[in-house]
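Line order of the protein sequences matches chains S and U. When we follow the UniProt record's numbering, the leftmost residue of the first sequence carries the number 1, and every step to the right adds one. When we follow the UniProt record's numbering, the leftmost residue of the second sequence carries the number 1, and every step to the right adds one. Written below as structure tokens is the structure these notes are about.
Number of protein chains: 2
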Amino acid sequence: MTGSAAVLDALRSALGDAVVTDPARLDAARGDKSGHRSAAPPLAIVDARSIEDVQATMRVATATRTPVVTRGAGTGLAGAALATTGEIVLSTLAMDRVLEIDEDDLVAVVQPGILNGRFNDILGERGLWFAPDPASRAISTIGGNIATGAGGLLCAKYGVTRDAVLGLTVVLADGRIIRTGHRSVKGVTGLDLTALMVGSEGLLGVVVEAVVRIRRRVEGAVATIAAFFPDAASAARAASAVSSAGVQPAVMELMDARSLAAVDALLGTTMGAAGAAHLAVQTDGPAASTEAAEALAIIESLGGSAELTTEPEEGERLLAVRRAMHPAMERLGTTLIEDVSVPRSALPAMFAAIADVEERFGVTIPTVAHAGDGNLHPNFVFEGDVVPDHIWEAADALFSAALALGGTLTGEHGIGVLKRRWLEDELGADQVELQRGIKAVFDPLGILNPGKVFTPLVAG
Amino acid sequence: MTGSAAVLDALRSALGDAVVTDPARLDAARGDKSGHRSAAPPLAIVDARSIEDVQATMRVATATRTPVVTRGAGTGLAGAALATTGEIVLSTLAMDRVLEIDEDDLVAVVQPGILNGRFNDILGERGLWFAPDPASRAISTIGGNIATGAGGLLCAKYGVTRDAVLGLTVVLADGRIIRTGHRSVKGVTGLDLTALMVGSEGLLGVVVEAVVRIRRRVEGAVATIAAFFPDAASAARAASAVSSAGVQPAVMELMDARSLAAVDALLGTTMGAAGAAHLAVQTDGPAASTEAAEALAIIESLGGSAELTTEPEEGERLLAVRRAMHPAMERLGTTLIEDVSVPRSALPAMFAAIADVEERFGVTIPTVAHAGDGNLHPNFVFEGDVVPDHIWEAADALFSAALALGGTLTGEHGIGVLKRRWLEDELGADQVELQRGIKAVFDPLGILNPGKVFTPLVAG
Numbered sequence: 001m002t003g004s005a006a007v008l009d010a011l012r013s014a015l016g017d018a019v020v021t022d023p024a025r026l027d028a029a030r031g032d033k034s035g036h037r038s039a040a041p042p043l044a045i046v047d048a049r050s051i052e053d054v055q056a057t058m059r060v061a062t063a064t065r066t067p068v069v070t071r072g073a074g075t076g077l078a079g080a081a082l083a084t085t086g087e088i089v090l091s092t093l094a095m096d097r098v099l100e101i102d103e104d105d106l107v108a109v110v111q112p113g114i115l116n117g118r119f120n121d122i123l124g125e126r127g128l129w130f131a132p133d134p135a136s137r138a139i140s141t142i143g144g145n146i147a148t149g150a151g152g153l154l155c156a157k158y159g160v161t162r163d164a165v166l167g168l169t170v171v172l173a174d175g176r177i178i179r180t181g182h183r184s185v186k187g188v189t190g191l192d193l194t195a196l197m198v199g200s201e202g203l204l205g206v207v208v209e210a211v212v213r214i215r216r217r218v219e220g221a222v223a224t225i226a227a228f229f230p231d232a233a234s235a236a237r238a239a240s241a242v243s244s245a246g247v248q249p250a251v252m253e254l255m256d257a258r259s260l261a262a263v264d265a266l267l268g269t270t271m272g273a274a275g276a277a278h279l280a281v282q283t284d285g286p287a288a289s290t291e292a293a294e295a296l297a298i299i300e301s302l303g304g305s306a307e308l309t310t311e312p313e314e315g316e317r318l319l320a321v322r323r324a325m326h327p328a329m330e331r332l333g334t335t336l337i338e339d340v341s342v343p344r345s346a347l348p349a350m351f352a353a354i355a356d357v358e359e360r361f362g363v364t365i366p367t368v369a370h371a372g373d374g375n376l377h378p379n380f381v382f383e384g385d386v387v388p389d390h391i392w393e394a395a396d397a398l399f400s401a402a403l404a405l406g407g408t409l410t411g412e413h414g415i416g417v418l419k420r421r422w423l424e425d426e427l428g429a430d431q432v433e434l435q436r437g438i439k440a441v442f443d444p445l446g447i448l449n450p451g452k453v454f455t456p457l458v459a460g
Numbered sequence: 001m002t003g004s005a006a007v008l009d010a011l012r013s014a015l016g017d018a019v020v021t022d023p024a025r026l027d028a029a030r031g032d033k034s035g036h037r038s039a040a041p042p043l044a045i046v047d048a049r050s051i052e053d054v055q056a057t058m059r060v061a062t063a064t065r066t067p068v069v070t071r072g073a074g075t076g077l078a079g080a081a082l083a084t085t086g087e088i089v090l091s092t093l094a095m096d097r098v099l100e101i102d103e104d105d106l107v108a109v110v111q112p113g114i115l116n117g118r119f120n121d122i123l124g125e126r127g128l129w130f131a132p133d134p135a136s137r138a139i140s141t142i143g144g145n146i147a148t149g150a151g152g153l154l155c156a157k158y159g160v161t162r163d164a165v166l167g168l169t170v171v172l173a174d175g176r177i178i179r180t181g182h183r184s185v186k187g188v189t190g191l192d193l194t195a196l197m198v199g200s201e202g203l204l205g206v207v208v209e210a211v212v213r214i215r216r217r218v219e220g221a222v223a224t225i226a227a228f229f230p231d232a233a234s235a236a237r238a239a240s241a242v243s244s245a246g247v248q249p250a251v252m253e254l255m256d257a258r259s260l261a262a263v264d265a266l267l268g269t270t271m272g273a274a275g276a277a278h279l280a281v282q283t284d285g286p287a288a289s290t291e292a293a294e295a296l297a298i299i300e301s302l303g304g305s306a307e308l309t310t311e312p313e314e315g316e317r318l319l320a321v322r323r324a325m326h327p328a329m330e331r332l333g334t335t336l337i338e339d340v341s342v343p344r345s346a347l348p349a350m351f352a353a354i355a356d357v358e359e360r361f362g363v364t365i366p367t368v369a370h371a372g373d374g375n376l377h378p379n380f381v382f383e384g385d386v387v388p389d390h391i392w393e394a395a396d397a398l399f400s401a402a403l404a405l406g407g408t409l410t411g412e413h414g415i416g417v418l419k420r421r422w423l424e425d426e427l428g429a430d431q432v433e434l435q436r437g438i439k440a441v442f443d444p445l446g447i448l449n450p451g452k453v454f455t456p457l458v459a460g
């Protein structure tokens, strides 16, 4: 038998019909929602149904030195779960149960494959809620959320994913299991491996269970503001002023002129005529009305033309423009959705930098921002399936601008393969060396998601 | 020259009069607020005034293979900063400046030596606030807070220390510098070394600067409830019911009968006659009154006899009993302050377990709990300076009970030397092995705080 045949044989004898080699499924595992695709399909997919299946897969992988790419719903935006020749895809999508909901301690125990939206539907039946669900909640899994440190719209007020993950059950590269963290609010026993696992993009182990903090649903009316501004920089200044005044919106979303134009084209609306940037603000909780009034005053004093409502249906109408962004982008062509994050006060400067990049590289970059936390999603639009070089050059300039403003390469999507060449620009060589060292402690054979996050040490 | 003389010589030529060998100061570095002391005084103390001093110290330590114990104010409760024969104490207490306060982005940059209370005084002048300051705020440093992952009274509502630390500047064992994390709310570039550093108890590097989240001060009236219950278990049940009803107190503190008796002895009061357990609840923010009314109803329905006030002075009076706890303990004798944390709903069971340990081992364990987050501080009272064996046996039984209830050995004090023998009971051998591996990546020579957290691999 060849090496690959031997691996398949070992997988099948350990896992039976959980091992899939259907060409369509193997082909799908080459890509994710970034649009990026690997060079060739992987060897096989294991549809793990249990922790034991995950352990069996890792034991075969260790014994045969076969790379493993853990994968959920494939909705990543940085290529962290792309699989290629000779690799085993370990799918945790079928491990999709909520194992426990503890309303007294406000924790839940979940398997990694459950969709964020489905989890929140189940919690919602009991008046509960998991805060850090990303915008992709309808199609993305909790496991992917944890693997990337995904964020979403509500992080400024309700925390990032790391803050909500209390404990993890992790299968290591050789099939052993560790249980990190705790169920209690506090716990500082030893090094914080739970936090280290969040955002580790499949490099350190396979998350098979998670203990997460849940919340009681926020009661009371929600207030929604929609405002138009003459330009993105002034909208960004208003957003920053709202935050620094101590108002804490649940949602604060900024769209630039190109984004508005794209949404107008999709919906047949004429919002672009009302202004060149759109800011949507939503407040919740007991101070929702007071906070919204304060935000409205700030927005109007800084040149915004705004509407405020506390009617739920009207609020949904005001947010419709933001919700139409993704479908609108899909109509423009292929997009590289970027994900830089800067300190809130640097948002106006970042919008100026984006305009500069557009001009210098002759590209179009509709941009939306989670303005409450300084996280921008510039959308690089291009023709065809492969990101052209000039788009990467423009992205390079954009990353440099974000780092120069005290920001980061990625606020919530991760590094994957798409951004690994910039990793050292942000972290520095010494920190990258430490991170590689940690990776080697967890994965001495280098079989967990090789080639992701870090550039290969040897070209390959 | 002997080895020690050569190290001192190298330190003095690199650091001049920052090197201190005053016997009284060396002796003080043998202990901390746990009451525990090392076998003998360290070699020298370096009073670092700058990052360069820290780097110079670590370069000498690396060149001479000399152990380094980083130390702030010495207020630790687990012996993590005790120094002994042949060790260099690296004091960051003189690096005590606030380098930046950014009111727009609500972040501050601080040096490690600033006291938590002093930092909050400076922030308070601008209407700002750093939430995770521990009960020891008046005497403990931010550096120590970060090193231990210290908590305090407000964590359930306002987050733990890890949630508030966005980025760190760290001097590595060999004197190199890394900058982890970011200034933005979000950021997921690479592995989360910022979170890994929080609570790492001096094992991985020396924190020389921190970027922390700050908040606008919470406006409006504060409501305070003081309630007496017939026993600690019923007070704990009420506390748990308040949380699970979705009320989010800023402070919720529980004292048992032995604690009340000690405070009565200190203050000459007769609170013990009013009930056998005391629960103090404080709500803040726009819903303070509503939440307090809801909490009061729950407390009374569960057997509590309660007072509620929104007058600040009266509120302080109601909390005075809790604030008197530490001085009251000091009058009882020497105390080993323990720090287990359990899921909130397990608080009644944990109080029952403590009563059982008292009976089995013939010891007295006055206990207070941060009831909002399930963190208990059982105080083992004994005679003399050294924790007697039977107290450790009782503590062992208490730790086992906490772990059996899904809890942790330490909620906010750390492992240090006092709890290292139980580390593996909580984490398991495989996880400890990984943690040791991470330690070795950061500190291949094993010179950073050796013998802390992990038991020595070779007896010594």
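All residues carry an ideal CB built from backbone N, CA and C; glycine is no exception.
Find the residues of chain S that neighbour K186 of chain U, judging by a C-beta separation of less than 7 Å, and give them in chain order. G151, C155, V160, S341, D373, N375, G411, E412
Less than 8 Å separating the beta-carbons of T310 of chain U and L318 of chain U? no
Straight-line CA distance for A402 of chain U to D105 of chain S? 16 Å
Under 9 Å between beta-carbons, which chain U residues line up against E103 of chain S? List them in chain order, please. S244
Who pairs with I225 of chain U in a beta bridge, going by DSSP? U:V281, U:L308
Apart from the five residues on each side of it in sequence, which residues of its chain come closer than 7 Å, Cβ to Cβ, to E358 of chain S? T364, I365
Between which residues of its own chain and L26 of chain S is the CB-CB distance below 7 Å, once the five residues before and five after are set aside? P41, P42, I45
Pick from U:P23, U:R30, U:T62, U:S50 that is closest to L445 of chain U, judged by C-alpha positions: U:T62
Is there a C-beta anywhere in chain U that falls below 8 Å from the one on G76 of chain S? no
Residues near R12 of chain U by beta carbon distance below 8 Å, same chain, minus five either side: V19
Against chain U: residues of the region 167-185 of chain S by CB proximity under 8 Å: L172, R176, I177, I178, R179, T180, H182, R183, S184, V185
Indicate whether the contact test is met: 3 or more Cβ pairs, each with one atom in the region 334-342 of chain S and one in the region 369-383 of chain S, closer than 8 Å. yes
Relative to the C-alpha of T161 of chain S, which residue among S:L153, S:G149, S:V171, S:L168 is closest? S:G149
Grab the span of the alpha helix (DSSP H) containing A274 of chain S for me, first residue to last. No alpha helix (DSSP H) contains A274 of chain S, which DSSP labels as neither H nor E.
Identify the contact partners of R216 of chain S in chain U, using a Cβ-Cβ distance below 7 Å as the criterion. G246
Taking C-beta pairs closer than 7 Å, name the residues in chain S that A195 of chain U reaches, listed in chain order. R162, D192, A195, L196
D430 of chain S at chain U interface by Cβ criterion, 8 Å: yes
Identify whether R162 of chain U lies in helix, strand or coil by the three-state DSSP scheme. helix
Could you name the residues of chain U that Q435 of chain S contacts, counting a contact when the two beta carbons are closer than 8 Å? G190, L191, L193
Mapping the DSSP letters down to three states, classify A78 of chain S as helix, strand or coil. coil
Under 8 Å Cβ-Cβ, which residues of chain S neighbour S400 of chain U? Within chain S, no residue comes near S400 of chain U; the closest Cβ sits about 14 Å away, beyond 8 Å.
Uninterrupted beta strand (DSSP E) stretches inside the region 335-378 of chain S (no shorter than 3 residues): 367-370
Quick check on the burial criterion: 16 or more other C-beta atoms within 10 angstroms. Buried or exposed for S301 of chain U? exposed
Any chain S beta carbon closer than 8 Å to R344 of chain U: yes
Go through its chain and collect everything with a Cβ distance to A274 of chain S's Cβ below 8 Å, but skip five positions before and after it. F228, S305
List the residues of chain S that G406 of chain U touches, going by C-beta distances under 8 Å, in chain order. H182, R183, S184
Suppose you measure from the CA of D9 of chain S to the CA of G3 of chain S; what does that come to, to the nearest Å? 10 Å
Nearest chain S C-beta to E100 of chain U closer than 8 Å, yes or no? no
Contact residues within the region 271-304 of chain S, judged by C-beta distance below 8 Å to chain U: G285, P286, A287, T290
Nearest-angstrom Cα separation, counted from N120 of chain S out to D443 of chain S: 33 Å
Mind the definition here: the region 189-199 of chain S touches the region 420-435 of chain U only if three or more C-beta pairs lie below 8 Å; say whether that holds. yes
Just to make sure I have the definition right: I need the residues of chain U whose C-beta is within less than 7 Å of the C-beta of F442 of chain S. Which are they? L434
Between which residues of its own chain and V98 of chain U is the CB-CB distance below 7 Å, once the five residues before and five after are set aside? A108, V110, I114, F119, I122
Neighbourhood of S259 of chain U by C-beta, 7 Å cutoff - its chain only, sequence neighbours within 5 removed: M325, P366, T367, V368
Rounded to whole angstroms, what is the Cα-Cα separation between V263 of chain S and K439 of chain S? 43 Å
Name the DSSP beta bridge partners of D256 of chain S, please? S:A277
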